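S.K.: Read left to right, the sequence shown gives residues 0 to 144 (numbering that gives the first Met the number 0).
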Amino acid sequence: MKKTKFTITGLSLNELYAKYGEGVKGFYSSWWRDEKFADEKPEAGIYEIDFENTEKYINLIYQEQKNKLPKGFDFPHPAVLAEIILSNPNLGFLRNYWSRTSSVTANRNRVFVRSGSDGFYVDYYTDGNAYSLIGVSASRKVIKI
């Protein structure tokens, strides 16, 4: 597994939305802004993220994906992935990238994120359904800031 390290400041999705806005260099939409997870702040620190093996988790339901994660790794918070992708626009390999996250909506659906040519998507899908595009970027915090 190729892990890349990123420094995360601990901003929430709503704080990142205020910083980057909507559009091709920001968020695709804002339906999620009143959701509880949008105000959650991931712990600041240095995170290891495996973007290389995301595709090995596609076509699996949430629990199957969780069972395949390497020891010590978990689903990332959507704000962690948003900060990485929005603050590093030169990550060309993430142009059509999808990942389930640790967060759930008020209706108990699992949040997933996607980066595309028209911005950073925040969406949701049920844990019990597999989808051919939603993988996982395994993550872990290695240093607390």
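Every residue, glycine too, gets a C-beta built ideally from N, C-alpha and C. Keep in mind it's a predicted model, so treat the numbers as computed, not measured.
1. What's the call for R146, buried or exposed, on a 16-neighbour Cβ count within 10 Å?
2. Give me the Cβ distance between I142 and I45, rounded to the nearest whole Å; I'm assuming they're in contact under 8 angstroms.
3. CA-CA distance, K4 and G71?
4. Between the Cα of L31 and the Cα atoms of P77, L59, I60 and N128, which residue gives the shortest distance?
5. So the candidates are S98, G127 and R139; which of them puts its Cα closest to the Cα of F174?
6. Examine the Cβ distances between the stretch 22 to 37 and the stretch 118 to 137 and report whether three or more of them are shorter than 8 angstroms.
7. Output yes or no for whether 7 angstroms exceeds the beta carbon distance between V112 and Q64.
8. Using only alpha-carbon positions, find the residue among G20, Y130, K140 and I144 that is nearest to K55.
9. Excluding the five sequence neighbours on either side, which residues of its own chain have a C-beta within less than 6 angstroms of the C-beta of Y96, listed in chain order?
M.R.: Short version:
1. As displayed, the chain neither begins before 0 nor continues past 144, which places residue 146 out of reach and without an answer.
2. 4 angstroms
3. 15 angstroms
4. The amino acid at residue 31 is misidentified as Leu; the sequence shows Trp. Cα-wise, what sits closest to W31 is P77.
5. The question about residue 174 has no answer here: the residues shown for the chain are numbered 0 through 144.
6. yes
7. no
8. Y130
9. S114
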